[in-house]
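K.L.:
Dumping the structure here so I can ask a few things about it.
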Amino acid sequence: GDDEYAEARPPVVTVMGHVDHGKTRLLDALRNANVVAGEAGGITQHIGAYQVHTEVDGEDRRITFIDTPGHEAFTAMRARGSQSSDIAVLVVAADDGVMPQTVEALNHAKAAGVPIVVAVNKIDKPEADPTKVRGQLTEYGLVPEEYGGDAMFVDVSAKSALNLDKLLEAIVLTADASLDLRANAEREAQGLVIEAHLDRGRGPVATILVQRGTLKVGDSIVAGPAHGRVRAMLDEFGNELEEAGPSRPAMVLGLSAVPGAGQNFIVVDDDRMARQIAEKREARERAAMQAKRRV
Ligand code: GTP
Ligand code: NA
Ligand code: MG
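The opening residue of the sequence shown carries number 420 in UniProt numbering; numbering runs sequentially from there.
Dropping the structure here:
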């Protein structure tokens, strides 16, 4: 079956936490550190998924990050995020401490059985109290290693780019200690839509995460009710990709419509089949909506 071809793949990490605790800025800082390291040229653009490199024990390691919003309205996105990821990074601002969506995110990660790494952020602030954060999370059953528990806590500052390498190392160590991450790269791709929007010039643009197989330019795909041939793929720096393997996020151009976040995508034989599947899905969704309305 599939398993005999399975190769090691990077961990997929969902970044969660209370609103304004610094998730997006932390991801930007991690990505910028990569740019400074001479990682890639291109134009940087803001997308909700990135892959970064780090060196652990002299080995080049990659990590895929997915950003999520912290506002309470986005519970479903956080739940979905924790279900589709290998590790959760819980961002807690050291000045604010544990807040309602911190606890909610923690509960999603626990329910999904996903290991948690805590990034205690904003430690550059004079009012930062990282010890208090450790005490608060211990009360919720997330006990730091230094207190005899099994969760790694790293004090960071997204603003001052402090301890970013330590955070990346903690993620790699957590992945190596508790997960055996493998996927077959030699099959047709399948994965998830992370986010999508309509771009005035480029049409529907979807950020996807490849979970198995390798997605290639020219492949015919179905993503929710959308279909099409992959016209181009871009990485997080805006560079064109010819293909995207397991755990790689990419922006995909060429879809007929804007798929929903969290929907699956699959590769099919040709665009005629892609269109038929997409049309069937749409009809099914329409029927379900009408049935709901009749009740
Ligand atoms: P949502 O996506 O809305 O949940 O917010 P977020 O968690 O992504 O927070 P965001 O990255 O947008 O940061 C919120 C505010 O905190 C911004 O003004 C950031 O500049 C600031 N901020 C983030 N990290 C740090 C930090 O390490 N130190 C300081 N002083 N400010 C920070
Ligand atoms: Na914010
Ligand atoms: Mg954000």
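Just so it is clear, CB atoms sit at the ideal spot from N, CA and C, and this is done for glycine as well.
Does the stretch 485 to 504 come close enough to the stretch 529 to 538 to have 3 or more Cβ pairs within less than 8 angstroms?
P.N.:
Flag = yes, the stretch 485 to 504 and the stretch 529 to 538 touch.
K.L.:
Within a Cβ cutoff of 7 angstroms, which residues of the same chain sit near H616, ignoring the five residues on either side of it in sequence?
P.N.:
The residue given as residue 616 occupies position 197 in the sequence shown. V624, V677.
K.L.:
Taking the beta carbon of K541 as the centre, do at least 16 other beta carbons fall within 10 Å, making it buried, or is it exposed?
P.N.:
Numbered from its first residue, the sequence shown carries residue 541 at position 122. It is buried - the Cβ of K541 has at least 16 other Cβ atoms within 10 Å.
K.L.:
Spatial neighbours of G461 within its chain, please: C-beta separation below 7 angstroms, excluding the five flanking residues on both sides.
P.N.:
For this step, residue 461 is matched to residue 42 along the sequence shown. Note that G461 has pLDDT 40, beneath the 50 cutoff, so the model's placement of it is unreliable and no number is given.
K.L.:
What does H646 pair with, by DSSP beta-bridge criteria?
P.N.:
What you label residue 646 is simply residue 227 of the sequence shown in a count that begins at 1. V641.
K.L.:
Could you check whether V432 and S504 sit closer than 8 angstroms to each other, using their CB atoms as the reference points?
P.N.:
By 1-based counting over the sequence shown, the position of residue 504 is 85. By 1-based counting over the sequence shown, the position of residue 432 is 13. Yes, they are a contact pair.
K.L.:
Give me the residue from L628, D638, A642 with the minimum Cα distance to D654.
P.N.:
Residue 654 sits at position 235 when you count from the first residue of the sequence shown. The shortest Cα separation from D654 among L628, D638, A642 belongs to L628.
K.L.:
Excluding the 5 residues preceding and the 5 following A456 in the sequence, name in chain order all residues of the same chain whose CB lies nearer than 6 angstroms to its CB.
P.N.:
Reading the sequence shown from its first residue, position 37 is the one you call residue 456. Note on A456: pLDDT 43, under 50, position unreliable in the model; the coordinate value appears next. Cβ neighbours of A456 beyond the five flanking positions: none.
K.L.:
Is DSSP giving K544 helix, strand or coil here?
P.N.:
Residue mapping note: residue 544 aligns to position 125 of the sequence shown, counting from 1. Residue state, collapsed to three classes: coil.
K.L.:
Three or more beta-carbon pairs under 8 angstroms between the stretch 557 to 564 and the stretch 470 to 479, yes or no?
P.N.:
No: fewer than three Cβ pairs fall under 8 angstroms.
K.L.:
Given this structure, state the Cα-to-Cα distance separating I485 from A468, to the nearest angstrom.
P.N.:
The residue you call residue 485 lines up with position 66 of the sequence shown. The residue you call residue 468 lines up with position 49 of the sequence shown. Distance between the alpha carbons of I485 and A468: 4 angstroms.
K.L.:
Assuming contact is defined by CB atoms lying nearer than 8 angstroms, are H437 and Q520 in contact in what I supplied?
P.N.:
As a first step, residue 437 is located in the sequence shown; it is residue number 18 there, counting from the start. As a first step, residue 520 is located in the sequence shown; it is residue number 101 there, counting from the start. A contact, by the Cβ cut-off of 8 angstroms.
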